[in-house]
Amino acid sequence: MSRPRAAIERQIENADDADGNASVRNEISGVITQFESEHPTLASTLGQIATSLSSMGI
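So for the sequence shown, the working numbering puts the first residue at 1; every next one is plus one.
Here's what the structure looks like:
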C-alpha cells in the first residue's frame, strides 16, 4: 500500500500534472482490484456498507 500512497503524495505536489492524475487513478484502481481478489468477502461487505451510506445520503 505504500506505492499508492507515494503516488498520491506526488500527485498532490504536482496538482497541475494531467498525466499524473491518470497514473494515480490507474494505480489506485489496480490496488482496489488486487484487494478485491485477495479479500472478496471483505470487499463485498465494504461495498454494501458504502451503498447503504450512500442511500442514506451520507
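Ideal Cβ positions, reconstructed from N, Cα and C, are used throughout, including at glycine.
Nothing here was measured: the structure is a model prediction, and the numbers come from that model.
Distance between residue j and residue i (C-alpha atoms, nearest Å)
| i | j | result |
| --- | --- | --- |
| residue 39 | residue 13 | 32 Å |
| residue 36 | residue 43 | 5 Å |
| residue 46 | residue 25 | 20 Å |
| residue 10 | residue 23 | 11 Å |
| residue 50 | residue 34 | 19 Å |
| residue 31 | residue 5 | 11 Å |
Endpoints, alpha helix (DSSP H) assigned at residue i
| i | result |
| --- | --- |
| residue 47 | 40-55 |
Pick from the options that is closest to residue i, judged by C-alpha positions
| i | options | result |
| --- | --- | --- |
| residue 29 | 8, 58, 54 | 8 |
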